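Contents: one structure, followed by commentary.
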Amino acid sequence: MTPLIDMAFLLIVFFVLVSQVTGAEFVDMALPKPSSNAAKRPGDADRIVLNVIPAKDGGAAAYRVGKREFAPDAAGLQQLVATMAQAMKANPGIEVNVRADRSTAYSWVRPAMDAVADALATSGIDRSRARIKLMVMGADSHG
Amino acid sequence: MADAVPGNDSTRHAALGALQALASALPDGQVGRRPRRSSMVRRRRREPAVGFAIRTNMTPMIDVVFQLLVFFIATTRYANDERVIAMDLARRTAAVAPAGAAAPAPPPPPPTDPFAMEDEALRLEVRTDGTVAAGTPFRKNFTTAELRAALTEQVRSPMHPKGMFESAFPVVIAPAENAPWESAVEVLDAAVAAGFRNVGFERRPGVTGSAP
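Residue numbers (the working numbering), protein chains in the order written: chain L, 270 to 412; chain P, 6 to 217.
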């Protein structure tokens, strides 16, 4: 009996921790699904996951990095830039994954990408290396 | 004492007979009773310890543990279907003109001459309905499917040796403000799938900090 309970508790701890991470980084939304397979599988490099949390009318309710949310106004974007610049200074090889809902208007996604560019500029990382990675669904997925 | 001297057969037989007589004289159950009694005592001592103190009822705890396990397995989201498209940050902010100014542009250079258009990015304007207005040298509107075919044909590769673009030719995607993110990504994906390596969204200088 004891090994069974040991295993069950270990599995519970594992899934609790995993769901903590994924719940913060993978906000539930319908990612765009392009019709070809140009997109690649994500690597295991260090990353910042920048979520554009969708609102109902094609807008954005907030921008979110980890568990921190930033209002989609000028002050919030300044904070977002500062937060990402800090992470980039600490880890120059870090990459930024942008997740946005497929129905969100481009005018709400653009500030997020501009914020990434500004954060790169303030942290002094070589722009030629800097890449944003856009998260999409695979063309053969069921999402 | 002389009786016990080994080798004396008659005395040995006498001693054996005396022992057997002694054993048969004992009451029948007496030999086995001692161990039985001691084992009963041991069992009586152990039983309460095992039966009531240590063996608690584990079933409800295991039920709850398995419920939790199933809950966390079922609610954990995996991003197995997610893919990434790497995108260059647009470096060409100065070269990008607004949409209105692009219309009365001078006639395009001969499209087969890559040197003449070296400094000018291919500009793809994504409209709200998902169609794409392609800039010089296409200068026409496409659906995304047509755009895919046209771009694939025009990127120079072993498959398309007559394509007019090098794969390093810069592509700037300029979605309309209200264009859904899905169509913007579709066009980006079309350009990347066609073989362009230098694809990015238009970046207008000085707009950071101004969400709509």
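No residue lacks a Cβ here, since even glycine has one placed at the ideal position from N, Cα and C. Keep in mind it's a predicted model, so treat the numbers as computed, not measured.
query	result
Per DSSP, cross-strand counterpart(s) of A329 of chain L	L:P323
G135 of chain P beta carbon less than 8 angstroms from that of S188 of chain P	yes
Through-space distance from E294 of chain L to A277 of chain L, alpha-carbon basis	26 angstroms
Proximal chain P residues relative to F278 of chain L, where beta-carbon distance stays under 8 angstroms	V70
Closer than 8 angstroms to chain P by CB, P303 of chain L	yes
CA-to-CA distance, A79 of chain P to M66 of chain P, given in whole angstroms	20 angstroms
Nonlocal neighbours in the same chain, by C-beta distance under 7 angstroms from A184 of chain P, ignoring five residues either side	V131, R132, T133
Expected contact under 8 angstroms - CB spacing of T81 of chain P and T271 of chain L to nearest Å	Not a contact, Cβ separation roughly 26 angstroms.
Residue from L:K325, L:L273, L:K309, L:V385 whose Cα sits closest to the Cα of V496 of chain L	Absent from the model: residue 496 of chain L. The displayed extent of chain L is 270 to 412, so no value can be given.
Contact check, F77 of chain P vs F284 of chain L, beta carbons under 8 angstroms	yes
Residues bridged to K402 of chain L (per DSSP)	L:N366, P:A91
Within chain P, the residues that R371 of chain L reaches when beta carbons sit closer than 7 angstroms	P185, W186, E187
Classification of M353 of chain L by the beta-carbon crowding that lies within 10 angstroms, buried from 16 upward	buried
DSSP bridge partner residues for I178 of chain P (one or two, in chain order)	P:L129, P:F206
Identity of the residue in L:D387, L:D313, L:S410, L:M298 nearest I363 of chain L by Cα	L:D313
Under 8 angstroms between C-beta atoms of F201 of chain P and S172 of chain P	yes
Residues in the region 60-84 of chain P having any Cβ partner in chain L nearer than 9 angstroms	M63, M66, I67, V70, F71, L73, L74, F76, F77, I78, T80, T81, R82, Y83, A84
6 angstroms Cβ shell around S372 of chain L - same chain, five flanking residues per side excluded	G327
Proximal residues to V378 of chain L (C-beta, below 8 angstroms), its chain only, five neighbours per side dropped	V321, A329, V367, A369
Nonlocal neighbours in the same chain, by C-beta distance under 7 angstroms from I401 of chain L, ignoring five residues either side	V365, V367, M382, V385
Residue-level contact to chain P via CB, V405 of chain L, 8 angstroms cutoff	yes
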